[in-house]
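Colleague: One structure coming up, written as structure tokens, with questions to follow.
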Amino acid sequence: RECNRMALAVLEIRNWAADMVDRDDPLLIEQIQARLLPRRGIFANPDEIIVTLGAQNALYMLSTLLMGRGSRVAMEDPGYPDARSIFQLAGAETVPVRIDAEGVVTQEIPADCDFVFVTPSHHCPTMVPLSDRRRRDLLAGAVENDQIILEDGYDSQLLDDAPQQALKSIDRSGRVIYVGSLSKTLAPGLRLGYIVASADLVAELRALRRFMLRHPPANNQRAVALFLSLGHHEALVRKLSAAFAERRRRLVHAVSAFLPEWQSTDSAGGSSVWLKGPPGMDTKALADAALARSVIIEPGERFFAERENHVRFMRLGISSIALQHIEPGIRELATAARRRPAAA
Numbered sequence: 002r003e004c005n006r007m008a009l010a011v012l013e014i015r016n017w018a019a020d021m022v023d024r025d026d027p028l029l030i031e032q033i034q035a036r037l038l039p040r041r042g043i044f045a046n047p048d049e050i051i052v053t054l055g056a057q058n059a060l061y062m063l064s065t066l067l068m069g070r071g072s073r074v075a076m077e078d079p080g081y082p083d084a085r086s087i088f089q090l091a092g093a094e095t096v097p098v099r100i101d102a103e104g105v106v107t108q109e110i111p112a113d114c115d116f117v118f119v120t121p122s123h124h125c126p127t128m129v130p131l132s133d134r135r136r137r138d139l140l141a142g143a144v145e146n147d148q149i150i151l152e153d154g155y156d157s158q159l160l161d162d163a164p165q166q167a168l169k170s171i172d173r174s175g176r177v178i179y180v181g182s183l184s185k186t187l188a189p190g191l192r193l194g195y196i197v198a199s200a201d202l203v204a205e206l207r208a209l210r211r212f213m214l215r216h217p218p219a220n221n222q223r224a225v226a227l228f229l230s231l232g233h234h235e236a237l238v239r240k241l242s243a244a245f246a247e248r249r250r251r252l253v254h255a256v257s258a259f260l261p262e263w264q265s266t267d268s269a270g271g272s273s274v275w276l277k278g279p280p281g282m283d284t285k286a287l288a289d290a291a292l293a294r295s296v297i298i299e300p301g302e303r304f305f306a307e308r309e310n311h312v313r314f315m316r317l318g319i320s321s322i323a324l325q326h327i328e329p330g331i332r333e334l335a336t337a338a339r340r341r342p343a344a345a
């Protein structure tokens, strides 16, 4: 609220009320460059950063500019379903690559893929981080096979400890395009994100964005820039990381106690927990039974390229639940699960 009021001051309005055509708020670019990117080990020039309407808008612009019929994109499986749809909408073929405890299995990425889309900090949806060994393999493979890596910093700031360094921070070949977002930490409805890439590519993205929406709302850009510059975002991230860590601990403990036949994925951060149910479990049917008990779960099948073979998985969000509701909610979920909704 304070930053919105500041952005509405007469002198500030003069800065953002005019049409900026294809430019971004210079203060926001400066704050992304100085405060957000160094936490991930990324150091970029202002002309290597462009503001977007969130991560999805960033992926849409990149796919529109870079992909077309005949393009092949290797994707984590399970993986981010909206990214899969965006790439397919651009005419690209998406190629699923399985996930294990170290993240995407890099040796199974086809050499003939033009792009590789990854969420290495917190894999969507399992929250598994990509291991150091796999990161090196992924970068080496991109150089060898002439591939472009699209890195989505999914939930990257929500870590129990220090933020993990981005894959782009160790890229020496210029093959990684980084996509970041403020949705999870600031406000999903604000829809602000950014792309970090070469100056030439960012210039092309600015030209494309001009025809799509010219630029994200300048008043929102200035309010967020002020929020960052005053250190509020760093304080918020620390608060959220601590709160999410405790919620995750409580949830995993409750699952262990009341759903012992379910497997949860270990994670050092993030805003959700990924679970695998026992044989015969259908989480789509379970979602209906749980909702009748005022418990909301997200069936996991939509994250897979082949949905019908993965009905045992589900994702539980922790970003909007109070601590005192976690154990009672898992108790209710366990009651619903005992009815054993069966897979078709």
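Residue numbers (our numbering): 2 to 345.
Think of the CB as a built atom: it goes at the ideal place given N, C-alpha and C, for glycine as much as any other residue.
Residue range of the alpha helix (DSSP H) that P131 falls in?
Modeller: A small fix is needed here, since residue 131 is Leu in this sequence, not Pro. Unbroken run through L131: none, as it is neither H nor E.
Colleague: Could you work out which residue in A236, C114, L276, G142 is closest to V253 when comparing CA atoms only?
Modeller: Taking only the C-alpha atoms, the option nearest V253 is L276.
Colleague: Would you check if the distance between the CB atom of R136 and the CB atom of P121 is smaller than 8 Å?
Modeller: Result yes, Cβ atoms of R136 and P121 sit closer than 8 Å.
Colleague: With DSSP collapsed to three states, give me the class of G319.
Modeller: The question names Gly, yet the displayed sequence has Ile at residue 319. I319 falls in the coil class under three-state DSSP.
Colleague: With C-beta atoms as the reference, is I50 less than 8 Å away from V203?
Modeller: Yes, Cβ-Cβ distance for I50 and V203 is below 8 Å.
Colleague: Excluding sequence positions up to five away, which residues of its chain have a Cβ less than 6 Å from the Cβ of V144?
Modeller: Only S174 meet the Cβ criterion.
Colleague: Is it the case that the CB of G271 approaches a heavy atom of the ligand GDP more closely than 7 Å?
Modeller: With respect to small molecules bound, the structure shown includes none, and the ligand GDP cannot be examined in it.
Colleague: Rounding to the nearest angstrom, what Cα-Cα distance links Y61 and Q325 in this structure?
Modeller: One C-alpha to the other measures close to 39 Å.
Colleague: Who pairs with T53 in a beta bridge, going by DSSP?
Modeller: According to DSSP, which records beta bridges pairwise, T53 is partnered with G194.
Colleague: Could you pull the DSSP bridge partners for S182 from this structure?
Modeller: DSSP output for S182 lists G194 as bridge partner(s).
Colleague: Determine the contact status of V180 and L168, defining contact as a CB-CB distance below 8 Å.
Modeller: For V180 and L168, no; Cβs fall outside 8 Å.
Colleague: May I have the straight-line CA-CA distance separating D78 from R316, to the nearest angstrom?
Modeller: So the alpha carbons of these two residues sit roughly 15 Å apart.
Colleague: Under a three-way DSSP split, which group does S273 fall into?
Modeller: Three-state DSSP puts S273 in a strand.
Colleague: For M62, which three-state DSSP category applies?
Modeller: In this structure, M62 counts as helix in the three-state DSSP scheme.
Colleague: Is the beta carbon of I171 sitting closer than 8 Å to the one on L63?
Modeller: Their beta carbons are not under 8 Å apart, which means I171 does not touch L63 by this criterion.
Colleague: Compute the Euclidean distance between the alpha carbons of N58 and L214, then round it to the nearest angstrom.
Modeller: Cα to Cα, N58 sits roughly 11 Å from L214.
Colleague: Please classify L214: does DSSP put it in a helix, a strand, or coil?
Modeller: If DSSP states are grouped into helix, strand and coil, L214 belongs with coil.
Colleague: Confirm, please, whether the CB-CB distance from M76 to P47 is below 8 Å.
Modeller: In this structure, M76 does not lie closer than 8 Å to P47 by Cβ.
Colleague: So, is G301 buried or exposed, given that buried needs 16 or more other C-beta atoms within 10 angstroms?
Modeller: It counts as buried.
Colleague: In the structure shown, what three-state DSSP assignment does V105 receive?
Modeller: DSSP places V105 in strand when its eight states are reduced to three.
Colleague: Only counting the same chain, and skipping five residues up and downstream in sequence, which positions put a Cβ closer than 6 Å to that of A345?
Modeller: Any reading at A345 is ruled out, since the residue's pLDDT is 49, under 50, leaving its predicted position unreliable.
Colleague: According to DSSP, what are the bridge partners of E225?
Modeller: One detail in the question is off: residue 225 reads as Val in this sequence, not Glu. None, per the DSSP bridge assignment.
Colleague: Is there contact here, the stretch 331-339 with the stretch 244-259, by at least three beta-carbon pairs under 8 Å?
Modeller: The answer is yes - the stretch 244-259 touches the stretch 331-339, with three or more Cβ pairs under 8 Å.
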